[in-house]
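What follows is a set of notes on a single structure, which appears directly below.
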Amino acid sequence: MLELYGQIEEAVAAIRGQWNETPHAGIILGTGLGGLVEEIDVEAAIDYEAIPNFPRSTAISHRGRLVCGRLRGLPVMAMEGRFHMYEGYSLKQITLPVRVMRAMG
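In my numbering, the protein residues as written are 1 to 105.
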């Protein structure tokens with residue numbers, strides 16, 4: 001469990017290096033919600049590859065980035081791309097981004 005906390009802390013530090021806000025909400029964009037990112041006033045868009053310990057998006061239609069900014073004035077984080085067990089990821093890997101968003105605030 002300590003290893004997981006360390007992974008979360010590393011990811012949070014990388015995100016805070018580009019966006020140091022406390023999000024009001026974390027959003028996982030999926031089928032039918034992808035257009036919501038157009039409503040966000042983007043302050044930082046971070047590729048998953050640039051965030052330590054984040055899984056990599058395997059679906060071609062998923063951009064594979066974390067969008068940070070404001071939605072109707074509120075600070076939010078939105079995941080453009082999500083992960084599934086059928087892609088070979090463990091539950092620990094799949095839930096890490098949600099845990100990171102929670103640790104951000």
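All C-beta atoms in this analysis are idealised placements derived from N, C-alpha and C, irrespective of residue type, glycine included.
Quick one, are the C-beta atoms of Pro55 and His24 less than 8 Å apart? By one-based count along the sequence shown, residue 55 stands at place 55. By one-based count along the sequence shown, residue 24 stands at place 24. Not closer than 8 Å, so no.
Does the beta-carbon of Ala50 have 16 or more other beta-carbons within 10 angstroms, so that it is buried, or is it exposed?
As a position in the sequence shown, residue 50 is number 50, starting the count at 1. It counts as exposed.
task: For Tyr86, count neighbouring C-beta atoms within 10 Å of its own C-beta (all shown protein chains included) and say buried if the count is 16 or more, exposed if not.
output: Numbered from its first residue, the sequence shown carries residue 86 at position 86. Tyr86 should be labelled exposed.
| Would DSSP call Leu33 helix, strand or coil? | Start at 1 with the first residue of the sequence shown, and residue 33 comes out as number 33. Three-state DSSP puts Leu33 in coil, outside helix and strand.
Fill in: At least 3 beta-carbon pairs within less than 8 Å: the stretch 26-43 vs the stretch 2-16
no
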